[in-house]
Amino acid sequence: MDNASSSSPRENYLIWGIKILAGLFILVFLGIHFVVNHLVAPGGLLTYADILAYYQNPIIPIMEICFLVFVVIHALLGLRSILLDLHPPARFAKPIDIAFVVIGVSMIVYGAWLIFEVVQLGRVG
Amino acid sequence: MRNNPSPYNFPRWFDPRRRMPGSWAFILNRITALGLTLYLFMHLVILSKLAQGPAAYDSFLVLAKSTPIKLGELLVIAAGFIHGLNGIRVGLTSFGIGVRRQKLLFASLMTIALAGTLFFAYRMFLTE
Chain L
570 MDNASSSSPR ENYLIWGIKI LAGLFILVFL GIHFVVNHLV APGGLLTYAD ILAYYQNPII
630 PIMEICFLVF VVIHALLGLR SILLDLHPPA RFAKPIDIAF VVIGVSMIVY GAWLIFEVVQ
690 LGRVG
Chain Y
1267 MRNNPSPYNF PRWFDPRRRM PGSWAFILNR ITALGLTLYL FMHLVILSKL AQGPAAYDSF
1327 LVLAKSTPIK LGELLVIAAG FIHGLNGIRV GLTSFGIGVR RQKLLFASLM TIALAGTLFF
1387 AYRMFLTE
């Protein structure tokens, strides 16, 4: 172990636990998401009309938003741990965390907006 | 240390010599993680076509059914299987389950990943 690594930021147990837990939830939601969207759908993809109809079931938008939240958390915490494994100087720790929070919140807000937009389009159509 | 994931050891990351199965499992997990995260960004961007109406989404569907895109999707499926099953191994061994049989566990899970990928390859390229 060199001096740089002993002073560089590390992933703590809480963050590691959240990443593992989010990974477990993803396995469940991904199974449902994949079977419905790609395995059951003819040709492996739902048509536009099928998607609008599918999202009229209130369980589906809730499930997809939960899936999105867990995927974003798991992906960005994973990227963060890869970055921290490169032993960045301690002064970069906070900017890295802030950047990941901003990216994560933006992705979740954008994804949730898209899901609600699809629900609305289905109601109008 | 020689194998430390330091930027100074960067060329070493691509050197396949003298690696144990645990090292391969770690590398596979990291490479698939990066690939899947890139896919997540692309997936969210592409799905914005849904908000643009049926014409925009249908033009995407035509593209999605082309062979190069299907090959890319198969890579995503393979990465999903490898990362998900390897993640189960990491979770189990972190709680002390199967630590003594890690090599067997890794080999078994990667065999399942290969079988799953072949199943999807068959469905995507030979039945559609």
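Protein sequence lines, in the order shown, are assigned to chains L and Y.
Note that our numbering has the first sequence beginning at 570, numbered continuously upward.
Note that our numbering has the second sequence beginning at 1267, numbered continuously upward.
Note that beta-carbon positions come from the ideal geometry of N, C-alpha and C, so glycine has one too.
What do you reckon, are the CB atoms on residue i and residue j nearer than 8 Å?
| i | j | result |
| --- | --- | --- |
| Ile595(L) | Met632(L) | no |
| Leu683(L) | Ser1314(Y) | yes |
| Val641(L) | Gly673(L) | yes |
| Leu1306(Y) | Ala644(L) | yes |
| Asn606(L) | Leu615(L) | yes |
| Ile665(L) | Leu637(L) | no |
| Leu648(L) | Ile584(L) | no |
Cβ closer than 8 Å: which chain Y residues qualify as neighbours of residue i?
| i | result |
| --- | --- |
| Glu633(L) | Ordered by position in chain Y, no residue passes the 8 Å Cβ test against Glu633(L), which lies about 10 Å from the chain. |
When the Cα atoms are used, what is the spatial distance from residue i to residue j?
| i | j | result |
| --- | --- | --- |
| Leu1384(Y) | Ile1378(Y) | 10 Å |
| Arg1389(Y) | Val693(L) | 35 Å |
| Phe1386(Y) | Ile1335(Y) | 14 Å |
| Arg1355(Y) | Cys635(L) | 24 Å |
| Leu655(L) | Leu608(L) | 39 Å |
| Phe762(L) | Asp619(L) | In the structure displayed, chain L extends from 570 to 694; residue 762(L) sits before or after that span and is not available. |
| Leu1375(Y) | Lys1369(Y) | 10 Å |
| Gly1288(Y) | Pro578(L) | 24 Å |
| Tyr624(L) | Leu1304(Y) | 25 Å |
For a contact meaning CB atoms closer than 9 Å, what does residue i contact in chain L?
| i | result |
| --- | --- |
| Thr1303(Y) | Ala644, Leu645, Gly647 and Leu648 |
Counting only the same chain and skipping the five closest in sequence on each side, list residues whose C-beta sits under 6 Å from that of residue i.
| i | result |
| --- | --- |
| Tyr1323(Y) | Lys1315 and Leu1316 |
| Ala1344(Y) | Thr1383 |
Beta-carbon within less than 8 Å of residue i's beta-carbon, same chain only, minus the 5 sequence neighbours each way: which residues are those?
| i | result |
| --- | --- |
| Leu690(L) | Leu621 |
| Phe1361(Y) | none |
Using a cut-off of 7 Å between C-beta atoms, extract the partners of residue i located in chain Y.
| i | result |
| --- | --- |
| Val640(L) | Leu1306 |
Residues in its own chain within less than 7 Å of residue i by CB, not counting five upstream and five downstream?
| i | result |
| --- | --- |
| Ser1325(Y) | none |
Since residue i meets chain Y, which of its residues come closer than 9 Å, beta carbon to beta carbon?
| i | result |
| --- | --- |
| Val670(L) | Per Cβ cutoff of 9 Å: no residues; Val670(L) is ~16 Å from chain Y at best. |
Using a C-beta to C-beta distance shorter than 7 Å, which residues of chain L count as neighbours of residue i?
| i | result |
| --- | --- |
| Arg1296(Y) | Ile651 |
request  = Decide yes or no for the touch test of the region 1343–1359 of chain Y against the region 1279–1294 of chain Y: beta carbon pairs closer than 8 Å, at least 3 of them.
outcome  = yes
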